[in-house]
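S.K.:
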Amino acid sequence: MGSLHDQLTLLQDLKVTVHHSCLVFPSQQTQKKTVFLSNIDQVLKFDVQTVHFFGAHKDFPESQIVAEKVKDALAKILVPYDFLAGRLKLNPNTSRLEIDCNAAGAGFVVASSEYALDEIGDLVYPNSAFAQLVCTAMDSRILNPAAGDDRPLFILQVTTFKCGGFAMGISNNHATFDGLSFRLFLDNLAAVAANKPLVAIPYNDRHILAARSPPHAPFLHPELQELKNMSTLDDLNPTVFEATQEELDFNIFRLTATDVARLKDKAKSTTASSSFNVVTALIWRCKALSSSSSSDDDEDVNYKRAASSSSSSRESRILYAVDIRPRLKPPLPKAYTGNAVLTAYASAKCRELEEVPFSRMVEMVSEGATRMTDEYARSVIDWGELHKGFPHGEVLVSSWWRLGFADVEYPWGKPRYSCPVVYHRKDIILLFPEQRDMHEYSSSATTTSTTTMAGRAGGAGVNILVALPHKEMQKFQALFHKFLLDD
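Put into structure tokens, the structure is as follows:
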């Protein structure tokens, strides 16, 4: 029940050797143009790295076959996704970021590891060594020195393992995609690699999320904090986008389908008890009550001390992403490629989080999503036109639970697991799906009738990645298990 992930010894060096790196250009001539970036895109100009692990496949016995197949598919997909071959630039007239679709190319890297895939450890656990499977910056010798800032927006690295499996590591600027549009991109990449039509034609016009003229933000937005000085972050309290220099403990808390069902049962008095809402409510309570200014050094932490040590008058605000595609009027096209998620929030005093029924906490989480109407979403977008700032709260829950990256069907099969490369983020808690059942990514890739779906990614169970200082982690863990055991 709510088991803590076994912390196994992790490989610190995957012994990766890079054999080749180059730029890949669109396979057909593309139109030179500038892509407008919405106010949501503007604040997400950092890179995101993901790794997609594949077992050996009988139809792709040679590593170079897979690498060439991926490279060829990338060149073809850069035609409908032409902005991925472009470069991010600042428009001096508007002081806004935009993408110059100049066909400067995406990055492509071929590498190998001295290990077999099964030797690198549990794929679910956040191993910092996975960063070796992703290229974040291309060799300057293959870039255009006359182009100024010539950093590719998209880099794909294929790393083969000695067992015949491989990893596809992707680094892309977050301004290009959100999680849902990235999933569609992967579906389209897989289709192109299989010589099939696109799953959906990407909708690349982001003016659809432009601010109104004149901009109008009638709502208060406590989930946002204005950045007064755009040249520095020093005037801000730490935001959820900043990495911490603190030494952190990493733990994964696993909730089975039965655990999630128990949480729903605890919240049965409310109609808002979705899986995400009940898991987020549990995280909120544990994180809020584990954050303490207490200097108590006693290591024997239990539930009562963990709860009582928190400042009951302190307000805790939890943030979580809400997809606005179906909430706008009219709804956004399902194939919209830009970022179309906004930050919802729930706030309460720590004393309230200690005392209120769990069902009420679930309702507060649900109310945050319900608040995200068309008018509220437009207000957030217009706020970004009037101010410069970032989401601001005590903790952000970032869910990869239902994105389904591991459900993408490539010619070489579905991924064994897909995950982001995790860095130190004290105030970001990640939700991951369960790892796929072994039978489902069998290298035969032909026995689909016997495939078990019990362990498929995006299933009913969830892995919760928490990174906290040691004492806060002890408190979080005590609260987490105590609540699950309470009737």
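Counting along the sequence shown from 1, when you hit position 179 you're at 165 in the working numbering, and nothing is skipped either side.
Heads up, the beta-carbon is just placed ideally off N, CA and C, and yes, glycines get one too.
The model shown is predicted, which means the values in this text are computed figures rather than measured ones.
1. Of the residues Arg402, Val29, Lys412, which one's Cα is nearest the Cα of Glu458?
2. Rounded C-beta distance between Phe462 and Lys182? I'm assuming under 8 Å.
3. Taking the CB atoms as reference points, tell me whether Ser333 and Glu301 lie closer together than 8 Å.
4. Name, in chain order, the residues that DSSP records as bridge partners for Asp86.
5. Quick one, which of Leu465, Ser24, Asp472 has its alpha-carbon nearest Arg192's?
6. Which whole-angstrom value describes the C-beta separation of His38 and Ala153, a residue pair presumed to lie in contact below a C-beta threshold of 8 Å?
7. Would you kindly report the start and end of the unbroken alpha helix (DSSP H) that includes Ile128?
8. With H, G and I counted as helix, E and B as strand and the rest as coil, what does DSSP make of Glu301?
9. Can you check whether the CB of Ala90 is closer than 8 Å to the CB of Asn130?
10. Using 8 Å as the Cβ pair cut-off and three pairs as the minimum, do the segment 59 to 66 and the segment 4 to 20 touch?
11. Can you grab the Cα-Cα spacing for the pair His207 / Glu361, in whole Å?
12. Distance check for Asp368 and Ala355, CA to CA, integer angstroms please.
13. Looking at Phe40: is its Cβ nearer than 8 Å to the Cβ of Gly151?
14. In this structure, does DSSP put Tyr67 in helix, strand or coil?
15. Which of the three DSSP states, helix, strand or coil, is assigned to Arg240?
16. Can the beta-carbon of Thr162 be found less than 8 Å from the beta-carbon of Leu139?
17. Kindly indicate which residue of Lys19, Leu275, Phe376 has the alpha-carbon position closest to the one of Lys214.
18. My assumption, with CB atoms under 8 Å, is that Met358 sits in contact with Leu328. Please give the rounded CB distance.
19. Which one of Glu420, Phe171, Leu109 has the shortest CA to CA distance from Ala59?
20. Between Phe147 and Tyr101, how many whole angstroms is the CB-CB distance? I'm expecting something under 8 Å.
21. So, with DSSP's three-state summary, where would you put Gly165?
22. Spatial neighbours of Cys87 within its chain, please: C-beta separation below 8 Å, excluding the five flanking residues on both sides.
23. Can you tell which of Asn174, Ala197, Ser199 has the C-alpha that lies nearest to the C-alpha of Ile187?
24. Thr323 to Lys374, Cα distance in whole Å?
25. Short of 7 Å in beta carbon distance, which residues of its chain neighbour Leu314, apart from the five on each side in sequence? Order them along the chain.
26. Looking at chain C, is there any beta carbon in it that lies within less than 8 Å of the beta carbon of Ile128?
27. Have a look at Ser49 and Ala42 and give me their C-alpha separation to the nearest angstrom.
28. Could you give the distance in angstroms between the alpha-carbon of Glu209 and the alpha-carbon of Val351?
29. Looking at the secondary structure, which residues open and close the beta strand (DSSP E) in which Ile141 lies?
30. Could you pull out every residue in the same chain whose Cβ sits closer than 6 Å to the Cβ of Thr433, ignoring the five residues on either side in sequence?
31. Taking the continuous beta strand (DSSP E) assigned at Phe152, which residues delimit it?
32. Express the C-alpha separation of His160 and Lys1 in angstroms, rounding to a whole number.
33. Taking the continuous alpha helix (DSSP H) assigned at Val96, which residues delimit it?
34. Going straight from the alpha carbon of Ile414 to that of Leu184, what length do you get?
35. May I have a chain-ordered list of the beta strand (DSSP E) segments no shorter than 3 residues that lie completely inside the segment 354 to 423?
36. Quick one: grab the DSSP three-state call for Lys335.
M.R.: Result, derived from the coordinates:
1. Lys412
2. With 8 Å as the limit, Phe462 and Lys182 do not qualify as a contact, their Cβ atoms being about 46 Å apart.
3. yes
4. Answer by DSSP bridge pairing, in chain order: Thr20, Arg73.
5. Ser24
6. 7 Å
7. According to the DSSP assignment, Ile128 belongs to no alpha helix (DSSP H), since it is labelled neither H nor E.
8. strand
9. In this structure, Asn130 lies near Ala90, with their beta-carbon atoms less than 8 Å apart.
10. yes
11. 13 Å
12. 19 Å
13. yes
14. coil
15. strand
16. Yes.
17. Phe376
18. 6 Å
19. Phe171
20. Indeed they touch by this definition, with Cβ atoms about 6 Å apart.
21. helix
22. Thr16, Gln17, Lys18, Lys19, Thr20, Val21, Asp68, Phe69, Ala71, Gly72
23. Asn174
24. 23 Å
25. Asp360, Ala363
26. This model lacks chain C altogether; it includes just one protein chain.
27. 10 Å
28. 13 Å
29. 140 to 146
30. Confidence at Thr433 is low in this model, with a pLDDT of 31, below 50, so its placement is unreliable and the value that follows should be read with caution. Exclusion of the five residues before and after Thr433 leaves no residue of its chain whose Cβ lies closer than 6 Å to its Cβ.
31. For Phe152, the uninterrupted beta strand (DSSP E) segment begins and ends at 152 to 159.
32. 28 Å
33. No alpha helix (DSSP H) contains Val96, which is instead part of the beta strand (DSSP E) from 92 to 99.
34. 34 Å
35. 375 to 377, 381 to 385, 403 to 406, 414 to 419
36. strand
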